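One rule links them: number in the working numbering = place in the sequence shown (from 1) + 379.
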Amino acid sequence: MSANEMIEHLKSKFNAEAAQGKDLVFQFMIDDYQNYTLHVKDGTCDINEGVDDRADVTLTVAKEDFKAMLNKELNAMTALMSGKLKIQGNPLLAMQLSQLFSF
Numbered sequence: 380m381s382a383n384e385m386i387e388h389l390k391s392k393f394n395a396e397a398a399q400g401k402d403l404v405f406q407f408m409i410d411d412y413q414n415y416t417l418h419v420k421d422g423t424c425d426i427n428e429g430v431d432d433r434a435d436v437t438l439t440v441a442k443e444d445f446k447a448m449l450n451k452e453l454n455a456m457t458a459l460m461s462g463k464l465k466i467q468g469n470p471l472l473a474m475q476l477s478q479l480f481s482f
């Protein structure tokens with residue numbers, strides 16, 4: 380599965396109800412060279428390739444680890460504690476990902 384397919388898979392798990400009233404920008408850096416921005420705003424989720432300087436949180440992860448997280452084979456907290464997932468920005472916002480996306 381490519382990084383692009385994984386991001387699209389993530390979007391398919393989007394919980395629009397949980398995103399009502401939110402305005403958040405998540406930056407995903409996959410394998411240090413594939414960048415995707417998810418803009419969650421008022422129950423919608425837009426995905427763009429590339430970097431957005433407005434990101435509230437940047438998550439850096441290897442493609443295989445991201446795939447394992449999406450498949451519920453790797454817990455995000457375990458990934459974070461083991462260094463497989465790195466977070467820049469507000470870590471509390473990163474924790475909202477599990478509410479906004481079912482993974």
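Ideal placement from N, C-alpha and C gives every residue a C-beta, glycine not left out. Everything numeric in this text was worked out from a predicted model, so none of it was measured.
Contact set for residue i: own chain, Cβ-Cβ below 6 Å, skip 5 residues either direction
i: residue 442; result: 382, 409 and 410
Three-way DSSP call (helix, strand, coil) for residue i in this model
i: residue 451; result: coil
i: residue 414; result: strand
i: residue 443; result: helix
i: residue 396; result: coil
i: residue 420; result: strand
i: residue 475; result: coil
i: residue 465; result: strand
i: residue 460; result: helix
Inter-residue Cα distance where the pair is residue i and residue j
i: residue 419; j: residue 460; result: 26 Å
i: residue 456; j: residue 391; result: 22 Å
i: residue 429; j: residue 435; result: 15 Å
i: residue 395; j: residue 403; result: 13 Å
i: residue 468; j: residue 439; result: 12 Å
i: residue 448; j: residue 476; result: 12 Å
i: residue 416; j: residue 444; result: 18 Å
i: residue 423; j: residue 478; result: 14 Å
i: residue 412; j: residue 427; result: 14 Å
Buried versus exposed call for residue i [16 or more other C-beta atoms within 10 Å across all chains shown]
i: residue 471; result: exposed
i: residue 437; result: buried
i: residue 406; result: buried
Contact set for residue i: own chain, Cβ-Cβ below 8 Å, skip 5 residues either direction
i: residue 380; result: 388 and 446
Own chain, CB closer than 7 Å to residue i, minus 5 neighbours either side, in chain order
i: residue 473; result: 436, 438 and 466
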